[in-house]
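Peer 1: Questions regarding the structure given below will be posed in turn.
Protein chains: 2
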Amino acid sequence: MGEKCDEVESREWYLASYAPEGVPTSDHLKLRTIRLSLAADSIPDGHLAVEPLFVSIDPYLRSRMTGLLHGLYSDQYQLDEVITAFGIGKVIRSKDSDFEEGDIMFHPYLPVAEYCVLASHMSKKIDTNNGISLPDFLSSLGVPGFAAWVAIEVLGDPKPGSNVFISAAAGGVGIIAGQLARLRGCRVIGSTGSDDKVKLIKEEFGYDDGFNYHKETDFDAALSRYFPNGIDVYLDNVGGRMLEAVLNHVNKHARIPLCGMISEYNKVWREREGVRNLLNMVGKEVRMEGFMLGSYLHRFGEFTEAMEGYMKQGKLKPKNNIYLGIHTFLDSLASLFTSSNHGKVILQVQPSM
Amino acid sequence: MGEKCDEVESREWYLASYAPEGVPTSDHLKLRTIRLSLAADSIPDGHLAVEPLFVSIDPYLRSRMTGLLHGLYSDQYQLDEVITAFGIGKVIRSKDSDFEEGDIMFHPYLPVAEYCVLASHMSKKIDTNNGISLPDFLSSLGVPGFAAWVAIEVLGDPKPGSNVFISAAAGGVGIIAGQLARLRGCRVIGSTGSDDKVKLIKEEFGYDDGFNYHKETDFDAALSRYFPNGIDVYLDNVGGRMLEAVLNHVNKHARIPLCGMISEYNKVWREREGVRNLLNMVGKEVRMEGFMLGSYLHRFGEFTEAMEGYMKQGKLKPKNNIYLGIHTFLDSLASLFTSSNHGKVILQVQPSM
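For the protein sequence lines, the chains are A and B, in the order given.
Following full-length UniProt numbering, the numbering of the first sequence begins with 1 at its first residue and continues without gaps.
Following full-length UniProt numbering, the numbering of the second sequence begins with 1 at its first residue and continues without gaps.
Spelled out as structure tokens, the structure:
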């Protein structure tokens, strides 16, 4: 938008139909081109014209497309509504004195679009001079980093030497959570969907060990082998059979933060695999607790400070998996539900920057 | 034992074989008569000869007879070993200077027998002059009372006006828990296994309402009707389908203390009904926590003081269901797993006292 023309063409993703089951496809999510006026007098006071740069692609987005209210109980996107997500954009016109053209900001409901006009009150300016890359603001310092921090530091709270198990270990949350547990002096084992990703979490992200759940399909046997002394904290990202297997290996007073259950998002609930051994939670006095980040926003500052500290000391490595170009949004979302994904999935709106 | 003969005949229950599934029968539990010497020189120092008076019959006893280590992870009775349980007895001979003949004491592992000799160090003398009946020491002030207190006061911690749901509401724990929740100003609904028991919990134990789960078999529909504003605290005593239904009606930050799962004790775990909607725990940020009383013994004094206070003020009523005679032990245990039981099941060792 070099010349600030008053009207632009902007491509944006919108919801064409709900997808109660399965991975959403081009039947459900479609790209359209709209014309958007960026003329000063067409931007209301307290609003900004924004060029979205990066969008955080997280599993919870899928739960906003079911048309059903359960599970994450997410607000549903309306049909024909543009998809919004946590993201980073550049201010190109401002009708709010707190923002200037060129400011970089993030917004929890940034449109997956090339241009947009939005109310400024939920926008937050980013200091781009602290050596942290923009994508890292969406990974270590964004949704998955905060989820990992709440799960390990607040809810799991493992002691040095504790045995920690993390599923979806090579995913956006798992990569950070494993490193945080290691920083606490824990023994950390991860499960993930390919041999390459097992290698990745061990060689790059400090996991003590890991296994490929496609190969080791007897989860009970695998956990017996990897946890001869039982499991103290399990960060559950998948639900279903893995959660059930874990409940056969928990230690007394184990804690299970429930971050999300990616194995369950694409199924209606009556078709999910039930967990049959919750009685073990009584004998082992297990605490299982679901969480949403909105309830921990009062600790976001503490989180940011801790994570920036670790990153500056080289103690924590992010891993971003960047999809290039707004047209790749559907693929980027679908990749969350395949075994091939690793690292934090981010959409870079323009193919090159 | 009027004359203190040196040798007595004593009937006692012992485990003849493990019962992994189903309600234990006379194949598993048998009564035998032994001869026991109560001569002073046959009682070791630090031991007591005791005449058991009342035995607390609780669902967890069943989990000590499976021969399997899961669920409650209870220590298993050994084959041929006499069954022990929380109970009250009278000291008839003492080789411990802290106890005298005639003292009334309770013991966490009292034999289900007419006479016994046991080490004194786990015995605790009871003050029988405070107006509390001996059976009440096993109900309101015993295992079910303490379980109800931990579940409501410590783990559930409902606010005035909170919506509280209690399953097995007419059982030993449910009757006390409902009253404790009412004392906190909550709206309390119970589920139980007969119309008579629904009437009982409403008319005698202050429940606002209740339903018979044999009649209202669509738990989801029942909970929609009884909890138009959702469930804030669910004290789970049954597990299975009821727990699953509750998870469709929980409010944000609901708490679910797991006290035991009576629907599950008689099944091996792979045959239990799985809970398919644990994902709801994420969206609603539910905390589910199993507990065993051993972890809360440091609060037993606080519990006793609170409960005695309520009882003296007439704010809390116990309800005991007393089986008369040692021969009724098997029936008393089986009654826990039928719909007809209500109140705290207690075995009175002698048919009359």
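A virtual CB, placed ideally from N, CA and C, is assigned to each residue, including glycine.
Spatial neighbours of Ser-10 of chain A within its chain, please: C-beta separation below 6 Å, excluding the five flanking residues on both sides.
Peer 2: Residue mapping note: residue 10 of chain A aligns to position 10 of the first sequence, counting from 1. Contacts found: Ile-34, Leu-36, Ala-113, Glu-114, Tyr-115.
Peer 1: The ligand FMN and Asp-80 of chain A: does any heavy atom of the ligand fall closer than 7 Å to the residue's C-beta?
Peer 2: The model on display carries no ligand, and the ligand FMN is accordingly not part of it.
Peer 1: Below 8 Å on the Cβ atoms is my guess for His-253 of chain B versus Glu-285 of chain B; work out the distance and round it to an integer in Å.
Peer 2: Along the second sequence, one-based indexing puts residue 253 of chain B at 253. Along the second sequence, one-based indexing puts residue 285 of chain B at 285. Rounded, the Cβ-Cβ distance is 5 Å, consistent with contact.
Peer 1: Indicate the three-state DSSP secondary structure (helix, strand or coil) for Tyr-296 of chain A in the structure shown.
Peer 2: On the first sequence, residue 296 of chain A is found 296 positions in, with the first residue counted as 1. Three-state result, Tyr-296 of chain A: helix.
Peer 1: Could you name the residues of the same chain whose beta carbon sits closer than 6 Å to that of Glu-3 of chain B, not counting the 5 residues immediately before and after it, in chain order?
Peer 2: Here residue 3 of chain B is taken as the residue at index 3 of the second sequence, counted from 1. For Glu-3 of chain B, the predicted model reports a pLDDT of 49, less than 50, meaning its position is unreliable; a value from the coordinates is still stated below. Nothing meets the Cβ criterion.
Peer 1: Residues of the stretch 261-278 of chain A in Cβ contact with chain B at a cutoff of 7 Å, in chain order, please.
Peer 2: Listed by position along the chain: Met-261, Glu-264, Trp-269, Arg-270, Arg-272, Glu-273, Gly-274, Val-275, Arg-276, Asn-277, Leu-278.
Peer 1: Going by CA-CA distance only, name the one from B:Val-349, B:Gln-348, B:Gly-343, B:Ser-352 that's closest to Ser-139 of chain B.
Peer 2: Position 139 of the second sequence, counted from the first residue, corresponds to residue 139 of chain B. Cα-wise, what sits closest to Ser-139 of chain B is B:Gly-343.
Peer 1: Within 8 Å of any Cβ in chain A, is that where the Cβ of Met-288 of chain B sits?
Peer 2: Against the second sequence, residue 288 of chain B aligns to sequence position 288. It does; some Cβ of chain A falls within 8 Å.
Peer 1: In angstroms with no decimal places, state the Cα-to-Cα distance between Leu-29 of chain B and Ala-16 of chain B.
Peer 2: Here residue 29 of chain B is taken as the residue at index 29 of the second sequence, counted from 1. Here residue 16 of chain B is taken as the residue at index 16 of the second sequence, counted from 1. Distance between the alpha carbons of Leu-29 of chain B and Ala-16 of chain B: 6 Å.
Peer 1: Could you spell out where the alpha helix (DSSP H) holding residue 404 of chain A opens and where it closes?
Peer 2: Limits of chain A in this structure are 1 at one end and 353 at the other, which puts residue 404 of chain A out of reach.
Peer 1: Return the residue from the list A:Arg-225, A:Cys-259, A:Gly-206 that minimises the CA-CA distance to Ala-245 of chain A.
Peer 2: Residue numbering aside, residue 245 of chain A sits at position 245 when the first sequence is read from its first letter. It is A:Arg-225.
Peer 1: Beta-carbon within less than 8 Å of Trp-269 of chain A's beta-carbon, same chain only, minus the 5 sequence neighbours each way: which residues are those?
Peer 2: In the first sequence, residue 269 of chain A corresponds to position 269, counting from 1. His-70, Gly-71, listed in sequence order.
Peer 1: Counting only C-beta atoms, is Met-65 of chain B closer than 8 Å to chain A at any point?
Peer 2: Along the second sequence, one-based indexing puts residue 65 of chain B at 65. Not one chain A Cβ lies under 8 Å of Met-65 of chain B.
Peer 1: What is the rounded straight-line gap between the Cα of Tyr-60 of chain B and the Cα of Ala-119 of chain B?
Peer 2: The residue labelled residue 60 of chain B in the question sits at position 60 within the second sequence. The residue labelled residue 119 of chain B in the question sits at position 119 within the second sequence. Between Tyr-60 of chain B and Ala-119 of chain B, the C-alpha separation is close to 23 Å.
Peer 1: Select from the stretch 124-147 of chain A all residues with a C-beta closer than 7 Å to any C-beta belonging to chain B, and list them in chain order.
Peer 2: Here the close residues number zero.
Peer 1: So which residues of chain A does Val-50 of chain B contact, with C-beta pairs closer than 9 Å?
Peer 2: In the second sequence, the residue the question calls residue 50 of chain B occupies position 50. Correct list: empty, because the minimum Cβ distance to chain A is about 29 Å.
Peer 1: Lys-124 of chain A and Phe-106 of chain A - do their beta-carbons sit closer together than 8 Å?
Peer 2: Residue mapping note: residue 106 of chain A aligns to position 106 of the first sequence, counting from 1. Residue mapping note: residue 124 of chain A aligns to position 124 of the first sequence, counting from 1. Yes, these two residues count as a Cβ contact at 8 Å.
Peer 1: Counting only Cβ pairs nearer than 8 Å, list the residues of chain B close to Leu-72 of chain A.
Peer 2: Along the first sequence, one-based indexing puts residue 72 of chain A at 72. Here the neighbours are Leu-279, Val-282, Gly-283.
Peer 1: Any beta carbon from chain B within less than 8 Å of Phe-99 of chain A's own beta carbon?
Peer 2: Here residue 99 of chain A refers to the residue found at position 99 of the first sequence. Judged by the 8 Å Cβ criterion, Phe-99 of chain A is not in contact with chain B.
Peer 1: Have a look at B:Pro-351, B:Ile-322, B:Leu-333, B:Lys-312 and flag the residue whose alpha-carbon is nearest the alpha-carbon of Ile-132 of chain B.
Peer 2: The sequence position of residue 132 of chain B within the second sequence is 132, counting from 1. Among B:Pro-351, B:Ile-322, B:Leu-333, B:Lys-312, the Cα nearest to that of Ile-132 of chain B belongs to B:Lys-312.
Peer 1: Straight-line CA distance for Pro-301 of chain A to Ile-126 of chain B?
Peer 2: As a first step, residue 301 of chain A is located in the first sequence; it is residue number 301 there, counting from the start. As a first step, residue 126 of chain B is located in the second sequence; it is residue number 126 there, counting from the start. Rather than Pro, the amino acid found at residue 301 of chain A in this sequence is Gly. Using only the alpha carbons, I get a separation of about 54 Å.
Peer 1: Anything in the stretch 218-247 of chain A with a Cβ closer than 8 Å to a Cβ of chain D? List those residues in chain order, please.
Peer 2: Annotation note: the requested chain D is absent from the structure, which comprises protein chains A and B.
Peer 1: Which residue's Cα is closest to the Cα of residue 358 of chain A: A:Glu-21, A:Pro-24, A:Ala-49?
Peer 2: Past the boundaries of the shown model lies residue 358 of chain A; chain A is included only from 1 to 353, so the question cannot be answered.
Peer 1: List, in order along the chain, the chain B residues whose C-beta lies closer than 9 Å to that of Ser-167 of chain A?
Peer 2: In the first sequence, the residue the question calls residue 167 of chain A occupies position 167. Near Ser-167 of chain A there are no residues of chain B at all, since even the closest Cβ is about 14 Å away, more than 9 Å.
Peer 1: Excluding sequence positions up to five away, which residues of its chain have a Cβ less than 8 Å from the Cβ of Arg-93 of chain B?
Peer 2: Mapped onto the second sequence, residue 93 of chain B falls at position 93. Lys-4, Leu-38, Ala-40, Ile-43, Leu-48, Ala-49, Glu-101, listed in sequence order.
Peer 1: Buried or exposed: Ser-26 of chain B, going by 16 or more other Cβ atoms within 10 Å of its Cβ?
Peer 2: As a first step, residue 26 of chain B is located in the second sequence; it is residue number 26 there, counting from the start. So Ser-26 of chain B ends up on the exposed side.
Peer 1: Could you tell me the boundaries of the alpha helix (DSSP H) in which Phe-86 of chain B lies?
Peer 2: For the purposes of this step, residue 86 of chain B is taken as residue 86 along the second sequence, with counting starting at 1. Taken as a continuous stretch (DSSP letters only), Phe-86 of chain B belongs to no alpha helix (DSSP H), being part of the beta strand (DSSP E) at 84-94.
Peer 1: Any C-beta of chain B sitting closer than 8 Å to the C-beta of Phe-337 of chain A?
Peer 2: In the first sequence, residue 337 of chain A corresponds to position 337, counting from 1. So, not an interface residue.
Peer 1: Do Leu-110 of chain A and Val-188 of chain A have their C-beta atoms closer together than 8 Å?
Peer 2: Locating residue 110 of chain A in the first sequence gives position 110, where the first residue counts as 1. Locating residue 188 of chain A in the first sequence gives position 188, where the first residue counts as 1. No; because the gap between Cβ atoms is not below 8 Å, this pair is not in contact.
Peer 1: Can Pro-20 of chain B and Leu-68 of chain B be called in contact, C-beta distance under 8 Å?
Peer 2: Reading the second sequence from its first residue, position 20 is the one you call residue 20 of chain B. Reading the second sequence from its first residue, position 68 is the one you call residue 68 of chain B. Yes, Cβ-Cβ distance for Pro-20 of chain B and Leu-68 of chain B is below 8 Å.
Peer 1: What residues in its chain sit with their C-beta under 7 Å from that of Leu-180 of chain B, if we drop five residues either side in the sequence?
Peer 2: Here residue 180 of chain B refers to the residue found at position 180 of the second sequence. Ala-148, Trp-149, Ile-152, Glu-153, listed in sequence order.
Peer 1: Give every residue of the same chain whose Cβ lies closer than 6 Å to the Cβ of Pro-228 of chain B, excluding the five residues on either side of it in the sequence, and list them in chain order.
Peer 2: Against the second sequence, residue 228 of chain B aligns to sequence position 228. Excluding residues within five positions, none has a Cβ falling inside 6 Å.
Peer 1: Using beta carbons (cut-off 8 Å, strictly below), is Ser-191 of chain A in contact with chain B?
Peer 2: If you number the first sequence from 1, residue 191 of chain A lands on position 191. No - not a single Cβ of chain B is within 8 Å of the one on Ser-191 of chain A.
Peer 1: Need the endpoints of the alpha helix (DSSP H) that Phe-137 of chain B sits in, please.
Peer 2: Taking the second sequence and counting its residues from 1, one reaches residue 137 of chain B at position 137. 134-138 is the extent of the alpha helix (DSSP H) around Phe-137 of chain B.
Peer 1: State the DSSP-derived secondary structure class of Arg-287 of chain B, mapped to helix, strand or coil.
Peer 2: Looking up residue 287 of chain B in the second sequence gives position 287. In this structure, Arg-287 of chain B counts as strand in the three-state DSSP scheme.
Peer 1: Ordered along the chain, which non-local residues of its own chain (more than five positions away) have a Cβ less than 7 Å from that of Met-1 of chain B?
Peer 2: As a working note, residue 1 of chain B is residue 1 in the second sequence. No answer about Met-1 of chain B holds up, because its pLDDT of 45 lies below 50 and its placement is not dependable.
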